[in-house]
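The structure appears below as structure tokens.
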Amino acid sequence: MQDRVLLIKMSSLGDVVHAMPAVTDAVNAGYRIDWVVEEAFADLVAMHPSVDRVIPVAWRRWRKQFRQARPQMWDFYRSLRLERYQHIIDSQGLIKSAMVSLLAKGGGERYGFSHTVAREPWAAFAYHRRHVVPRAQHAIDRQRQLFSAALNYALPINESSGLAGLRLMQTARESKQVILLHGTTWASKHWPQNMWQELVALSKQAGFEPVVTWGNEVERSRAELLAGYGASIQPKVSLSELLAVLQNAALVIGVDSGLCHLSAALGTPTLGLYGPTSARLTGCRGQRAQALQGQAPCVPCIRPTCTQFRGDIPLWKQQPVQPPCFATLSPEVVWRQAHGLLGQGS
Numbered sequence: 014m015q016d017r018v019l020l021i022k023m024s025s026l027g028d029v030v031h032a033m034p035a036v037t038d039a040v041n042a043g044y045r046i047d048w049v050v051e052e053a054f055a056d057l058v059a060m061h062p063s064v065d066r067v068i069p070v071a072w073r074r075w076r077k078q079f080r081q082a083r084p085q086m087w088d089f090y091r092s093l094r095l096e097r098y099q100h101i102i103d104s105q106g107l108i109k110s111a112m113v114s115l116l117a118k119g120g121g122e123r124y125g126f127s128h129t130v131a132r133e134p135w136a137a138f139a140y141h142r143r144h145v146v147p148r149a150q151h152a153i154d155r156q157r158q159l160f161s162a163a164l165n166y167a168l169p170i171n172e173s174s175g176l177a178g179l180r181l182m183q184t185a186r187e188s189k190q191v192i193l194l195h196g197t198t199w200a201s202k203h204w205p206q207n208m209w210q211e212l213v214a215l216s217k218q219a220g221f222e223p224v225v226t227w228g229n230e231v232e233r234s235r236a237e238l239l240a241g242y243g244a245s246i247q248p249k250v251s252l253s254e255l256l257a258v259l260q261n262a263a264l265v266i267g268v269d270s271g272l273c274h275l276s277a278a279l280g281t282p283t284l285g286l287y288g289p290t291s292a293r294l295t296g297c298r299g300q301r302a303q304a305l306q307g308q309a310p311c312v313p314c315i316r317p318t319c320t321q322f323r324g325d326i327p328l329w330k331q332q333p334v335q336p337p338c339f340a341t342l343s344p345e346v347v348w349r350q351a352h353g354l355l356g357q358g359s
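So that you can map any letter, position 131 of the sequence shown is 144 in this note's numbering, and since no number is skipped, the others follow by simple counting.
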């Protein structure tokens with residue numbers, strides 16, 4: 014009988030995608046995986062062919078209405094304890110995920126990152142076995158190494174998200190859509206609006222159809238501005254429906270966001286644009302994905318707002334570039350790099 018493993022990796026979207034290759038590794042090594050994940054990403058996790066059972070958690074929603082959510086929290090607890098797990102892995106390394114690991118029914122041991130490398134050091138005290146996985150490497154590699162050490166199998170050479178082989182939508186013609194993922198959480202991760210406008214023009218000149226997405230009203234306003242330069246606006250759809258849109262695209266170009274990581278994991282030609290965050294540590298990765306790193310003395314600062322840059326603000330077409338680290342990633346450079354992905358791995 015195969016050992017059952019409970020994985021606790023609840024959020025965010027990018028973090029969930031980064032854990033998928035480790036799940037593929039573990040299943041290929043002979044384990045069965047159940048996964049605790051935030052409800053918003055449950056459908057995505059269910060698409061991974063190696064996941065047996067998805068256990069949705071709604072911590073983001075529950076913490077805003079704690080009293081009203083008590084019946085739902087009790088339902089989650091009962092669902093969590095339906096199975097007895099030989100191994101419980103908290104690969105998130107937060108106190109909230111460590112608490113979930115303590116609630117699960119386990120006949121074996123709990124595993125996670127050592128307090129020296131966990132995102133929240135106190136989380137490590139919930140585990141029986143704590144693994145030191147160096148931080149100075151890509152998030153996908155850290156996840157894979159944690160699983161390999163916890164479950165005691167040799168780390169495979171090849172890496173697979175488990176999503177690249179999915180066929181979510183069939184089309185009668187070759188897509189010419191270039192999906193532009195301009196939305197992200199940090200102000201410092203936004204590529205300048207005027208550069209997006211130029212990228213829309215460059216993609217149209219090359220015979221492609223630029224399409225912009227949006228997830229909230231601020232992003233919708235930006236999308237409408239880009240529509241004025243010839244882009245189409247993708248209607249707001251569920252994450253499951255957006256998966257098919259991303260997979261069917263000819264190209265995806267985006268800033269550091271969960272959707273960009275997801276596109277790369279699907280095997281779509283994807284180019285990620287990185288300024289304050291590190292392409293080396295969290296760059297989008299996949300069979301046909303690349304990440305471009307902006308250049309400045311303060312890169313990567315890993316800060317939500319640009320406060321570290323010193324000196325004269327660089328210009329692009331006589332306009333100041335904010336954040337300044339994106340000045341080296343002009344639309345011409347970005348389009349040339351992204352267009353070059355079309356002939357790779359097809």
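All residues carry an ideal CB built from backbone N, CA and C; glycine is no exception.
One thing to note: G296 has its Cβ no nearer than 8 angstroms to the Cβ of A309. The three-state secondary structure of E122, taken from DSSP, is strand.
Taking a contact as a CB-CB distance under 8 angstroms, the pair P205 and F322 does not count as one, their CB atoms being some 14 angstroms apart. Under the DSSP assignment, V250 falls outside any alpha helix (DSSP H); it carries neither an H nor an E label. V334 is classed as buried because its beta carbon has at least 16 other beta carbons within 10 Å across all chains shown. Burial check for T226: the Cβ neighbour count within 10 Å reaches 16 or more, so the residue is buried. The C-alpha of A277 lies about 10 angstroms from the C-alpha of G271. The alpha helix (DSSP H) runs lying completely inside the stretch 285-345 and spanning 4 residues or more are 292-295, given in chain order. If you look at D103, you'll find it in the beta strand (DSSP E) that goes 98-103.
The continuous beta strand (DSSP E) containing I21 extends over residues 17-21. Under the three-state reduction of DSSP output, P282 falls in the coil class, being neither helix nor strand. Apart from sequence neighbours up to five positions away, the residues of its chain that approach C273 with a beta-carbon distance below 6 angstroms are L194, G267, G285, C297, ordered along the chain.
When DSSP states are grouped into helix, strand and coil, G27 belongs to the helix group. Counting along the chain, W87 sits inside the alpha helix (DSSP H) bounded by residues 83-93. For D65, the enclosing beta strand (DSSP E) stretches over residues 64-70.
About 15 angstroms separates the CB atoms of L239 and Q218; that is not less than 8 angstroms, and the two are not in contact. Pairing P147 with S104, the inter-Cα distance amounts to about 14 angstroms. Taking the C-beta atoms as reference points, V40 is found no nearer than 8 angstroms to L20. Of the candidates M23, A200, A42, the residue whose Cα lies closest to the Cα of L107 is M23. For the 8 angstroms CB-CB criterion, I153 and H31 form a contact.
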